[in-house]
Amino acid sequence: MATVPVRKLSRNAHRQRVHRRVRTRVEGTPERPRLCVFRSLGHIYAQVIDDRTGRTLASASSLDKEVRKQMKGGGNVAAAKVVGQAVAERAQKAGVQLVVFDRGGYKYHGRVKALADAAREAGLKF
Numbered sequence: 008m009a010t011v012p013v014r015k016l017s018r019n020a021h022r023q024r025v026h027r028r029v030r031t032r033v034e035g036t037p038e039r040p041r042l043c044v045f046r047s048l049g050h051i052y053a054q055v056i057d058d059r060t061g062r063t064l065a066s067a068s069s070l071d072k073e074v075r076k077q078m079k080g081g082g083n084v085a086a087a088k089v090v091g092q093a094v095a096e097r098a099q100k101a102g103v104q105l106v107v108f109d110r111g112g113y114k115y116h117g118r119v120k121a122l123a124d125a126a127r128e129a130g131l132k133f
């Protein structure tokens, strides 16, 4: 009997599948919005989102002018720390103290962990 080869998902397709599965359980509310992380090869992005109204309350990325002044390079751990601090400061200005962390299907390691730790140090509570 011939076996049918199983096509392996690409790394990004697998990440998106994990993200969709997690998003069924993780929802940002007005009291506790979602801190969502996206990382590309060259940059990292973070948003604080209220899913009930569909509004972004605060955001920061390694492309922002204020953030770029504090770092060199956008796709490294140092940049993720600066973005984490920036998104935490902006969220607190918008009146957000508590968030639920959405790692976007990525492993909690490297840049994602650095961003989360920096946001915690800057005052956000997960």
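Going by the numbering used here, the sequence shown opens with residue 8, and the numbers climb by one from there.
We put the beta carbon where it would ideally sit given N, CA and C, even for glycine.
Check whether residue i and residue j have beta carbons under 9 Å apart
i, j, result
"Ala135", "Ile51", "Look at the range of the chain in this structure, 8 to 133, and you will see that residue 135 is not part of it."
"Leu42", "Val94", "yes"
"Gln77", "Ala125", "no"
"Arg118", "Asn83", "yes"
"Gly81", "Asp57", "no"
Alpha-carbon spacing of residue i relative to residue j, whole angstroms
i, j, result
"Ala6", "Val106", "Outside the displayed range of the chain (8 to 133) lies residue 6, so it cannot be described from this structure."
"Ala101", "Glu38", "12 Å"
"Val29", "Lys79", "33 Å"
"Arg14", "Leu48", "25 Å"
"Arg24", "Asp71", "29 Å"
"Arg18", "Arg46", "13 Å"
Counterpart residues of residue i in DSSP-defined beta bridges
i, result
"Thr10", "None, per the DSSP bridge assignment."
"Ala129", "Note: Ala129 sits in no beta bridge, so no partner."
Member of the options whose CA lies at the smallest distance from the CA of residue i
i, options, result
"Lys132", "His116, Lys120 and Phe108", "Phe108"
"Thr31", "Lys120, Ala123, Gly112 and Leu122", "Gly112"
**OP:** May I have a chain-ordered list of the alpha helix (DSSP H) segments no shorter than 4 residues that lie completely inside the region 59 to 106?
**Re:** 72 to 75 and 84 to 100
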